[in-house]
Structure formats: structure tokens, C-alpha cells
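Visitor: Can you keep this structure in mind? I'll have questions shortly.
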Amino acid sequence: MSNKGNIGNMGTMGTMSSMPPQVTSGSPMTPAGTVVSTTAPVFEQSYVENIFRLNLGKIGTFYFTYENNKDWNAKVYTGVLEAAGRDHLIISDRATGQRVVLLMVNFDYATFEEPLVYQYPGVIGNPAVVRSCR
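Under the working numbering, the first residue of the sequence shown carries the number 1219, and numbering increases by one thereafter.
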């Protein structure tokens, strides 16, 4: 029996036993290193693309800034919100049907003429809040 083979196996076994367990981010652990299972609900984070996805089909005005562009530093687009991704949104012009893909890296803000559907993490549904814009 060769010592070389035994040393290699012991090294592998030692590495395996010292590896921490795979856990989801934020999972609590005991001092002994065991993962504590929780039943806390998981909520989607509130990102602008998620807000846009909840409001597809609505007409909005979208404001963009293009740095270091001497021809047009800022542009305003108005159209129907058709799609929203992490790095882009797609709007269309009702009159012409033309669609525009806009990059979120240039996005500043948006305005809408109607109420928005908005779900903040931890809030179920769209809470009814009546506010006057006067």
C-alpha cells in the first residue's frame, strides 16, 4: 500500500470536512455552523423595472440624459410602456406604431397621467391611498 495515495485521500477528506455548508444569502447560522431554517416570506425587491412591469400598457413620459453628447444631452419620450427589463424599456408611439428601446443607464425619471400599480416588498396588493396632487 502506498503512502502517497493515503495522503492524497486524507487531504481531500480534510478539505471536504472543513468546507462551510451551502446556504442562501442571509440565512442565519448557529455558532456550530448549522443552517437555521426560516419561514420568512421572500419578497421581490422594489426596482424601477419591476414598477414598470406592473404598469405595462400605460402611457408615460420618460426623461433621459445622455452625457457627453453635444447634439442632444437630454431627451423626452412619450409612449405606451410595452416592456421593461433590467437594463432597458420599450415604449411605442400610438400614432405611428414605432417602438423605441431605451437603455436604463440613461434613465432619469418618468411621469404618468394615471395611478400606478405599485407593490413594495412586504405589502400585499396595491394599498388604496387617496392623495390630492393640488
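Backbone N, C-alpha and C fix where the C-beta goes; we use that ideal spot for every residue, glycine too.
1) Using DSSP bridges, identify the partner residues of T1252.
2) Hey, S1356 and R1317 are a contact pair by Cβ (cut 8 Å); roughly how many whole angstroms apart?
3) For L1334, count the other beta carbons within 10 Å of its own beta carbon; 16 or more makes it buried, fewer makes it exposed. Which is it?
4) Which of the three DSSP states is assigned to V1266 in this structure?
5) Starting from D1311 and walking both ways along the beta strand (DSSP E), at which residues does that stretch end?
6) For A1313, is the classification buried or exposed, using 16 other Cβ atoms within 10 angstroms of its Cβ as the cut-off for buried?
7) Thinking F1282 and F1330 are a contact (beta carbons under 8 Å), I'd like their distance in whole angstroms, please.
8) Taking the C-alpha atoms as reference points, what is the distance between K1276 and L1307?
Guide: In short, the structure shows the following:
1) DSSP lists no partner for T1252.
2) Absent from the model: residue 1356. The displayed extent of the chain is 1219 to 1352, so no value can be given.
3) exposed
4) Looking at V1266 - three-state DSSP - the assignment turns out to be helix.
5) Taken as a continuous stretch (DSSP letters only), D1311 belongs to no beta strand (DSSP E), as it is neither H nor E.
6) exposed
7) Cβ atoms of F1282 and F1330 stay farther apart than 8 Å, at about 16 Å.
8) Rounded to the nearest angstrom, the gap between the Cα atoms of K1276 and L1307 is 13 Å.
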